[in-house]
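Here my numbering is used: the first residue of the sequence shown is 121, the next is one more, and so on.
From the three backbone atoms N, C-alpha and C, an ideal C-beta is built for every residue, glycine too.
Contents: one structure, followed by commentary.
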Amino acid sequence: MTEQNTADTAPVADAPDAPPAPDAETVVPAAPKDRRKLFAALRWTAAVVVFAAVGTGVAYGIGRAERTDLPGLSTKDDGRWAYPVLAKPALPAGAPLPAGKDNKDETHYAPLTGLLLPAPEGAEPDAGLKADKGQLVSTDAFLEEYAPDGRAKLKEGLEYEGLRQIVARGWTTADGTRTHVYLLRFHSSGFVNAFRGCDINTQLAGAPALEMDPAWSKVKSTQPSMDGQPVSHTLKSGGTSLYQEPKPANGDEQTKLGCLQAGDVQAVILQTRKGEVATVPFHQTVVLQSQLLG
Numbered sequence: 121m122t123e124q125n126t127a128d129t130a131p132v133a134d135a136p137d138a139p140p141a142p143d144a145e146t147v148v149p150a151a152p153k154d155r156r157k158l159f160a161a162l163r164w165t166a167a168v169v170v171f172a173a174v175g176t177g178v179a180y181g182i183g184r185a186e187r188t189d190l191p192g193l194s195t196k197d198d199g200r201w202a203y204p205v206l207a208k209p210a211l212p213a214g215a216p217l218p219a220g221k222d223n224k225d226e227t228h229y230a231p232l233t234g235l236l237l238p239a240p241e242g243a244e245p246d247a248g249l250k251a252d253k254g255q256l257v258s259t260d261a262f263l264e265e266y267a268p269d270g271r272a273k274l275k276e277g278l279e280y281e282g283l284r285q286i287v288a289r290g291w292t293t294a295d296g297t298r299t300h301v302y303l304l305r306f307h308s309s310g311f312v313n314a315f316r317g318c319d320i321n322t323q324l325a326g327a328p329a330l331e332m333d334p335a336w337s338k339v340k341s342t343q344p345s346m347d348g349q350p351v352s353h354t355l356k357s358g359g360t361s362l363y364q365e366p367k368p369a370n371g372d373e374q375t376k377l378g379c380l381q382a383g384d385v386q387a388v389i390l391q392t393r394k395g396e397v398a399t400v401p402f403h404q405t406v407v408l409q410s411q412l413l414g
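What follows is the structure in structure tokens.
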């Protein structure tokens with residue numbers, strides 16, 4: 121990523137980028153045969169997520185099929201972004217997959233920066249994101265995303281709840297949408313569950329109140345994924361939640377918040393845009409980041 125603003129950006133801790141790998145003699149388990157397709161693919165093209173506006177909901181599927189090969193989809197632009205080919209980073213020798221049978225806590229042994237979603241094609245780095253060359257972000261820089269009154273309590277919680285590292289990437293697209301993706305690595309999934317900075321009660325710097333994303337709720341309960349199961353079955357229960365600002369509080373910009381829990385990692389995804397944050401690219405960004413963490 122292009123170098124971004126480096127002011128006041130020290131790593132959260134001197135902890136290594138990834139947890140120590142298990143004993144080298146440990147055999148890396150094969151991915152379960154029934155692993156959901158939403159998390160199984162190792163590579164995706166820019167066309168991996170297929171979105172179509174249908175009434176009040178947004179339907180999508182994961183796969184390599186061309187849009188013209190899928191019934192009910194037109195060939196006109198549906199607003200999704202063109203992402204580069206995605207690939208999960210290599211694991212250390214002997215390290216299990218996050219969903220491996222002998223990885224009960226779903227620990228991610230890959231470098232955290234390798235799990236960050238890349239920016240879509242044509243996007244420019246967002247200078248407002250305070251990350252260093254290695255994409256490391258300090259706790260204080262991360263907390264600037266939140267309302268000032270709540271930062272001290274959040275910081276205290278992070279200090280006592282096992283935070284090991286924060287990495288981030290930010291970009292701005294041609295339509296003015298600003299995206300910040302943060303990955304927070306904790307010592308275990310139990311600490312992730314204790315994190316209070318990504319839920320419906322979250323007060324962001326530009327959005328003091330949030331509501332559930334109604335389009336996402338519709339997708340989870342009614343739209344099938346490529347394996348025929350509802351999307352709510354392919355995303356972990358309680359692990360993915362999307363929120364939006366009901367009415368812009370600061371001027372005419374809207375903010376949306378995506379929250380992903382995956383083992384020892386918490387993803388915080390923020391999108392802000394003048395007028396309204398578009399539904400399709402917001403959902404697309406969340407789904408693709410989910411895949412990289414799966």
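Distance between beta carbons of residue j and residue i, contact taken as under 8 Å
i    : j    : result
E226 : A382 : 7 Å
V287 : V257 : 6 Å
N223 : P216 : 4 Å
Buried versus exposed, by CB contacts within 10 Å (16 or more), residue i
i    : result
D384 : buried
A251 : buried
P218 : buried
D269 : exposed
G248 : exposed
A327 : buried
R316 : exposed
K340 : buried
G378 : buried
A119 : The first residue shown for the chain is 121 and the last is 414, placing residue 119 beyond what the model contains.
T405 : buried
G414 : buried
Residue nearest to residue i in terms of C-alpha spacing, selected from the options
i    : options                   : result
D319 : A243, T292 and Q364       : Q364
R298 : S410, D269, G395 and V407 : G395
A213 : Y229, A202 and V406       : Y229
L211 : W201, E265, G234 and P245 : G234
G371 : R393, Q411 and V406       : R393
A335 : A329, A325, Q323 and S361 : S361
E373 : K224, D295, N223 and P240 : D295
L304 : K253, K275 and K338       : K275
W201 : S337, Q409, P240 and L278 : P240
T322 : A267, N223 and V406       : A267
W446 : R271, P245 and L390       : Nothing in the structure corresponds to residue 446, since the chain is present only between 121 and 414.
K359 : L263, G310 and D197       : Strictly speaking, residue 359 in this sequence is Gly, with Lys absent from that position. Of L263, G310 and D197, the residue nearest in Cα terms is G310.
L324 : E264, D197 and A272       : E264
D333 : K253, A272, H403 and K273 : H403
Close-in-space but distant-in-sequence residues of the same chain around residue i (CB under 7 Å, 5 per side omitted)
i    : result
G199 : A398, V400 and P401
Q255 : M121, T233, L236, V287, A288 and R289
L368 : For the sequence presented, residue 368 should be read as Pro rather than Leu. Once the five neighbours on either side are set aside, the close Cβ partners of P368 are Q374.
L278 : T259
S308 : D225, G282 and D384
D143 : Residue placement at D143 is poorly supported in this model, since its pLDDT is 49, which falls under 50; the coordinates still yield a value, given next. Counting only Cβ-Cβ distances below 7 Å, and skipping sequence neighbours, we find G214.
E409 : Inspection of the sequence shows that residue 409 is occupied by Gln rather than by Glu. Cβ neighbours of Q409 beyond the five flanking positions: L237, V301, L380, A387 and I389.
R69  : Any answer about residue 69 is impossible in this case: the structure gives the chain only from 121 up to 414.
Own chain, CB closer than 6 Å to residue i, minus 5 neighbours either side, in chain order
i    : result
P238 : P204
P366 : E331
V388 : Y302 and C318
T293 : A243
K376 : Q364, Q391, V397 and F402
Residue i: CB within 7 Å of a non-hydrogen atom of the ligand ZN
i    : result
V205 : With respect to the ligand ZN, the structure offers nothing, as it holds no ligand at all.
Cβ-based neighbour list, residue i, same chain, cut-off 8 Å, excluding 5 preceding and 5 following
i    : result
F306 : E281, G282, L283, R284, V312, F315, D384, V385 and Q386
P209 : A230, P231, G234 and L235
Start-end ranges of the alpha helix (DSSP H) lying completely within the region 232–277, minimum 4 residues: 259–263
- request: Only counting runs of 4 or more residues, tell me where the alpha helix (DSSP H) segments fall wholly within the region 286–345, in order along the chain.
  value: 309–314 and 334–342
query: Which ranges does the beta strand (DSSP E) cover as unbroken runs of at least 3 residues, wholly within the region 205–231, from first to last along the chain?
result: The region 205–231 contains no whole beta strand (DSSP E) run of 3 or more residues.
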